[in-house]
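Once you know that position 230 of the sequence shown is 230 in full-length UniProt numbering, the rest is easy, because the numbers rise by one and skip nothing.
Written below as C-alpha cells is the structure these notes are about.
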Amino acid sequence: MTITITLHGTNGWYTSKTGYTTCLTIDTPDYFIILDAGEGFSKIPDVYPSVQKPAFLFLSHFHLDHISGFHTLARCKFEKGLRIFGPTGVNILHSFIGYPYTIPIAELPYTVSIEEFTKSCTDIPFAVISADLVHNQPVNGYRFELEKTIAFCTDTGPCEGIVTLGTGADLLITECSYLPGQENPGWPHLNPETALQMAVKSGAKKLVLVHFAADLYTSLEQREAIKNISPDFSKVIIGQDNMVIWL
C-alpha cells in the first residue's frame with residue numbers, strides 16, 4: 001500500500017511568500033486524513049477535486065493559523081463525508097463554521113461532524129492515538145498506525161508527548177517555528193536542534209519539519225540552511241508547500 005503525504009501549507013502564524021499556513025493530507029487507499037486546517041486547506045480541492053473515500057480531519061488546536069481554512073469547506077467535495085476531531089473544546093467550531101463568518105455546516109453539500117478526540121473514539125476505522133503537547137493552550141499530537149506509522153506534533157515545545165507519539169515511527173512530522181538556538185519558554189515551540197533531539201529520542205526513522213514561523217523564516221533558502229547546522233541534519237526533510245512524500 002502506498003501512502004501519499006502532501007504538505008499543502010508549511011508556514012506558522014500567517015501565510016506569506018514562503019507558504020500557506022499549516023495543512024497536510026495523508027492519502028491511503030481506504031481513507032483520506034487531513035492534519036490541521038490552516039490556509040493550506042484551500043489547496044486540497046486543487047489536488048483532490050473529488051475525494052471518494054471517508055475523510056477525517058484531526059486538529060492540533062484552535063489558533064487561527066490552524067483553522068482558517070475552514071472558510072473554504074464549500075470548495076471541497078468529500079463525497080463520503082468529513083469527520084472533524086480535535087481537543088477538548090472542539091465544539092466551538094460549530095460557531096466558527098457558520099454565519100457571519102462562513103457557510104455553515106448544514107449548507108455544505110456533504111455531511112460533516114465535529115467530535116472531541118478521546119480514547120473512547122472506537123469507531124474510527126484505523127488506529128490513531130493522541131498525546132498532550134506543550135503550548136500556551138491545550139494541543140493534541142497524533143500517531144496514525146496505518147501500513148506505516150506517522151506522528152504529527154505541531155505547536156509544541158520539547159515534551160514527552162512527542163517522544164511517545166514518535167516512538168519508532170516511520171515518519172515524524174513536527175514543527176520548526178524558531179530559528180536555530182532560539183527559545184521562548186513563555187511561548188513554547190521547537191527550533192531545529194530541539195526538533196531533531198525529539199526525533200532521535202523517539203527513534204523515529206524520518207523527520208519532516210513544518211510550521212516555520214513566517215516572520216522568522218522569510219525565505220525558503222533560510223529553511224534549507226538548516227541542513228548546514230551539522231551533518232546530523234543531512235537527512236532531515238525540510239518541508240515546503242506542495243511537497244509530496246511517499247511511504
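C-beta: ideal position from N, C-alpha, C; glycine also.
Within the same chain, and ignoring the five residues on either side of Lys-53 in sequence, the residues whose Cβ sits closer than 7 Å to its Cβ are Asp-30, Tyr-31, Phe-32, Lys-80. Residue pairing of Asp-27 in beta bridges, as defined by DSSP: Thr-4, Phe-32. Taken in chain order, the unbroken stretches of beta strand (DSSP E) that lie wholly in the region 125 to 212 and span 3 residues or more are 127 to 132, 140 to 145, 149 to 153, 171 to 175, 207 to 210.
The three-state reading of DSSP puts Asn-91 in helix, counting H, G and I together. Taking the C-beta atoms as reference points, Leu-216 is found no nearer than 8 Å to Gln-240. A direct Cα-to-Cα measurement between Val-163 and Leu-133 gives close to 10 Å. Per DSSP, the unbroken alpha helix (DSSP H) holding Glu-224 starts and ends at 220 to 224.
For Trp-13 and Ala-213, the gap between their C-alpha atoms comes out near 6 Å. Just measuring C-alpha positions, the residue of Gly-186, Val-244, Thr-111, Val-200 sitting nearest Leu-165 is Val-200.
Nearest to Asp-65 by C-alpha distance, out of Leu-207, Ser-177, Phe-78, is Ser-177. The three-state reading of DSSP puts Val-236 in coil, since its state is none of H, G, I, E or B.
Looking at the DSSP output, Arg-83 sits in a beta bridge with Phe-56, Ser-113.
Met-243 has its alpha-carbon roughly 22 Å from the corresponding atom of Leu-73. Rounded to whole angstroms, the separation of the alpha carbons of Tyr-20 and Gln-222 is 16 Å.
Classified as buried, Ala-204 has 16 or more neighbouring CB atoms from the shown chains inside 10 Å of its CB. Under DSSP, Ile-245 takes part in a beta bridge, and its partners are Ile-5.
Listed in chain order, the non-local C-beta contacts of Arg-143 below 6 Å within the same chain comprise Ile-129, Ala-151, Leu-165, local neighbours out to five positions each way being set aside.
DSSP links Thr-21 through a beta bridge to Asn-11. The beta carbon of Phe-233 is closer than 8 Å to those of Pro-192, Leu-196, Ile-226, Lys-227 in its chain, skipping five residues each way along the sequence. DSSP, reduced to helix, strand and coil, places Ser-16 within a strand of the structure shown. By the CB criterion at 8 Å, Asp-123 and Ser-60 fall outside the cutoff.
Distance from Phe-41 to Phe-85 at the Cβ level is roughly 15 Å; contact not present, criterion being Cβ atoms closer than 8 Å. In this structure, the CA atom of Pro-138 is about 33 Å from the CA atom of Ser-50. By the beta-carbon neighbour count (other beta carbons within 10 angstroms, threshold 16), Val-210 is buried.
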